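2 protein chains.
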Amino acid sequence: MLALTVAPGTKGSARLDEVAEPDPARGEILIAAHSVGICGTDREIIDGLHGAAPPGGDRLILGHESLGRVLEVPAGRDLAIGDWVAGIVRHPDPVPCASCAHGEWDMCANGRYLEHGIKGLDGFAAERYRLDAGFVVKVDPDLAERGVLIEPASVVAKAWDQIDRIGRRAFWAPSRVLVIGAGPIGLLAALLGVQRGLEVHVLDRHTEGPKPGIVRDLGATYHSGSVEEAGSADIILECTGAPALIVEALHAARPNGIVCLTGVSAPGKKMPVDTGALNRELVLENNVVFGSVNANRAHYDQGALALRRADPRWLDRLITRRVPLADWATALEHRPDDVKTVLRFGDL
Amino acid sequence: MLALTVAPGTKGSARLDEVAEPDPARGEILIAAHSVGICGTDREIIDGLHGAAPPGGDRLILGHESLGRVLEVPAGRDLAIGDWVAGIVRHPDPVPCASCAHGEWDMCANGRYLEHGIKGLDGFAAERYRLDAGFVVKVDPDLAERGVLIEPASVVAKAWDQIDRIGRRAFWAPSRVLVIGAGPIGLLAALLGVQRGLEVHVLDRHTEGPKPGIVRDLGATYHSGSVEEAGSADIILECTGAPALIVEALHAARPNGIVCLTGVSAPGKKMPVDTGALNRELVLENNVVFGSVNANRAHYDQGALALRRADPRWLDRLITRRVPLADWATALEHRPDDVKTVLRFGDL
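Chains as they are written, first to last, in this note's numbering: chain C, 39 to 386; chain H, 39 to 386.
Structure below.
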């Protein structure tokens with residue numbers, strides 16, 4: 039079968055490969071790939087900056103944002119042949135840390151987790167793959183092809199779940215949300231904010247292209263200036279990882295406000311920061327800043343629910359390009375009007 | 039009666055003044071001052087950097103860390119003449135914000151709170167003062183003069199209460215605590231960590247003087263090198279407000295770790311910071327950083343309980359100087375071996 043593979047650590051090593059059918063030992067459920075979403079992590083891996091092959095090999099099958107259909111499933115699994123499904127990306131180590139043992143592998147405390155298509159486990163950019171039922175999320179048939187958004191929605195659901203939980207530390211009635219970055223994570227973060235009944239503002243640098251309209255049609259407000267111009271907020275979701283924006287985000291938090299950092303930035307570049315002023319504001323305003331990564335099974339369910347509650351036509355606008363597997367190289371390009379690019383496998 | 043007053047905004051304006059007896063409209067309980075603790079905020083006010091006089095005047099009675107004895111109390115107040123008491127520093131505005139209306143004036147969302155001895159309300163460095171029962175904390179007679187530590191203990195209790203609440207966002211079993219700064223706040227933060235059964239480490243620059251021994255006799259470990267040398271921790275309480283230490287503290291947090299900032303630093307000085315590396319660590323390790331200020335009534339009760347559970351001889355060592363009111367100017371000096379300096383009123 040065909041799979042998109044890469045030699046982690048070697049830039050430009052991605053290629054379409056003929057690989058063996060998935061080993062039944064990998065999982066009891068056989069899934070036919072329908073589509074795979076492409077994100078910044080995939081580009082980092084292809085650029086040789088990130089990623090690890092499964093033990094014993096030097097190539098990794100890419101792909102962690104998945105949508106597929108069940109081809110084989112044992113009886114008694116609450117899944118039928120033909121069901122739409124998404125795979126959970128992160129798996130605990132066979133000897134789990136305490137967080138992983140509690141099913142909270144998104145909070146893995148020893149870094150020994152594995153991730154499909156990223157770290158030590160083959161990904162979902164293969165015609166077929168196998169998973170155990172515990173790592174398969176059933177996708178509502180009404181959602182159909184939009185189900186490929188479940189993985190990014192799970193990441194956003196985890197961020198919001200943490201905001202909700204941290205926010206319960208005291209009385210708090212947040213009203214205004216600022217999302218920085220109108221990529222797929224930012225737009226889905228805005229969706230979950232609107233679904234919570236909050237006043238949502240989204241900041242991005244684009245003044246043209248699809249993003250301003252997508253934000254407006256969600257019932258949120260689009261801004262393209264500075265963070266300061268977009269205004270202070272009770273909840274800020276930073277979805278770019280851009281260092282200058284992160285510092286501005288911290289200053290924009292209102293008293294008792296929570297800033298959630300979701301963007302994985304590159305280290306190695308120092309910038310002048312008034313750390314004294316930032317610290318003073320955080321202390322005197324009881325602000326919280328936290329980082330959020332990955333998602334556990336509960337967050338996949340929360341993300342799937344958020345997508346089902348969304349307007350399907352709005353979700354369709356997030357998928358700005360659908361590229362056949364054979365043209366995978368063009369799927370990896372980042373074009374100005376892209377929101378989410380999806381790699382399509384044959385009609386299954 | 040005598041009171042230590044200052045003209046806020048005017049450096050060097052502190053003096054011992056003859057002032058009017060407290061207005062009965064200020065509160066139903068009349069208290070005779072026993073002692074007042076001196077802290078960095080008092081020095082900031084005396085240096086003209088901070089503070090606001092009550093409306094209609096230009097002088098402010100100093101003092102917010104209080105211990106006194108009841109001189110007059112109406113019937114039915116669960117207080118008797120002669121009881122040891124401490125005053126609560128912050129009061130909500132007469133038109134409270136939602137947090138203040140919930141009794142959480144430490145989380146005041148509109149900044150219109152008042153603070154005895156700091157902002158718009160006379161302080162406790164007067165021979166007598168008045169408070170309503172809602173702002174009086176009864177001090178256990180066994181604690182006696184050590185009760186002057188209740189206010190700093192309340193600030194630390196709030197910080198720990200927030201750590202506990204935020205920590206419940208996910209499964210978490212913290213074990214190692216790092217406290218940065220061995221002033222009164224740092225030492226009391228270490229006390230509450232030890233009382234929670236955690237392994238506590240305290241970092242300060244002093245290699246001599248009373249601090250290393252006070253830390254060791256608490257059952258904690260004293261360090262005088264860098265944050266990195268003191269080692270990573272699940273919980274970090276930053277109690278200095280020194281910008282360079284704050285950045286090091288963020289790097290020292292373990293996965294899922296929580297950094298609590300309690301030091302009010304001066305703004306205005308930029309330093310080179312690798313914001314990309316900091317953000318990346320916060321995100322990939324699910325770290326939380328939060329600022330904590332002030333305390334509400336529940337925290338005074340928690341702080342008082344922590345002091346009662348402590349070894350009284352250990353608490354006595356935190357009060358390194360007791361200065362009579364007449365010598366107030368020497369109480370405000372910061373000497374190398376000082377932990378907490380207390381201003382003593384006449385024997386009452």
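Note that CB positions come from ideal geometry on N, CA and C, so glycine has one too.
The structure presented is a predicted model; accordingly, all values stated were derived computationally and were not measured.
Quiz prompt | Anticipated Cβ contact below 8 Å, G329 (chain C) with N325 (chain H), distance rounded | solution = 5 Å
Practice problem: Could you check how far apart the C-beta atoms of I4 (chain C) and V194 (chain C) are, in whole angstroms? I think they sit under 8 Å. | Solution: Residue numbering for chain C in the displayed model covers 39 to 386; residue 4 (chain C) lies beyond these limits and cannot be assessed.
Exercise. For the stretch 253 to 288 of chain C, list the beta strand (DSSP E) runs that are entirely contained and at least 3 residues long, ordered along the chain.
Key: 259 to 261 and 271 to 276
Self-check item: Secondary structure of E66 (chain C), DSSP reduced to three states
Solution: coil
Practice problem: Enumerate in chain order the residues of its own chain whose CB-to-CB distance from N148 (chain H) is below 8 Å, with the five nearest sequence positions on each side excluded. | Solution: D131 and C135
Quiz prompt | Identified DSSP bridge partners for R102 (chain H) | solution = The question names Arg, but residue 102 (chain H) is His in the sequence shown. Partner(s): none; H102 (chain H) has no beta bridge.
Quiz item: Taking the Cβ atom as the reference point for each residue, do L225 (chain C) and I252 (chain C) lie within a distance shorter than 9 Å?
Solution: yes
Quiz item: Along chain H, which residues have their Cβ under 7 Å away from the Cβ of R318 (chain C)?
Solution: V302, S303 and P305
Quiz item: Are any of the Cβ atoms in chain C nearer than 9 Å to that of L386 (chain H)?
Solution: Confidence is the limiting factor: at L386 (chain H) the pLDDT is only 43, short of 50, which leaves the residue's position unreliable, though a coordinate-based value still follows. For L386 (chain H), the answer is no, since every Cβ of chain C falls outside 9 Å of its Cβ.
Exercise. Verify whether the separation of the beta carbon atoms of R64 (chain C) and R168 (chain C) is less than 9 Å.
Key: yes
Self-check item: Given R355 (chain C) as reference, the closest of C:A367, C:T379 and C:I67 once Cα atoms are compared
Solution: C:T379
Quiz item: What is the DSSP secondary structure of W122 (chain H), reduced to helix, strand or coil?
Solution: strand
Quiz item: How long is the line joining the alpha carbons of L229 (chain H) and H72 (chain C), rounded to whole angstroms?
Solution: 57 Å
Quiz prompt | Under 8 Å from the C-beta of A211 (chain C): neighbouring residues of chain H | solution = A136
Quiz prompt | Where M39 (chain H) sits in the DSSP three-state scheme | solution = coil
Quiz item: Who are the Cβ neighbours of L343 (chain C) in its own chain at under 7 Å, not counting the five residues just before and after it?
Solution: none
Quiz item: R335 (chain C) touches chain H at which residues, Cβ-Cβ below 7 Å?
Solution: Result: empty, since nearest Cβ-Cβ is about 14 Å, beyond 7 Å.
Self-check item: Which of helix, strand or coil DSSP assigns to I296 (chain H)
Solution: strand
Quiz prompt | Residues that T379 (chain C) bridges to, as DSSP identifies them | solution = C:I76 and C:R359
Self-check item: Meets three-Cβ-pair contact criterion under 8 Å: the stretch 84 to 97 of chain C and the stretch 44 to 63 of chain C
Solution: yes
Quiz item: What are the boundary residues of the alpha helix (DSSP H) that L229 (chain H) is part of?
Solution: P222 to Q233
Quiz prompt | For H337 (chain C), three-class secondary structure by DSSP | solution = helix
Quiz item: Are the C-beta of A271 (chain C) and some C-beta of chain H separated by less than 9 Å?
Solution: no
Quiz item: Rounded C-beta distance between K176 (chain C) and V123 (chain C)? I'm assuming under 8 Å.
Solution: 6 Å
Practice problem: Spell out whether any CB of chain H is found under 9 Å from the CB atom of I223 (chain C). | Solution: no
Self-check item: Residue-level contact to chain C via CB, L299 (chain H), 9 Å cutoff
Solution: yes
Quiz item: Would the stretch 275 to 284 of chain H and the stretch 292 to 300 of chain H be scored as touching if the rule is three or more Cβ pairs under 8 Å?
Solution: yes
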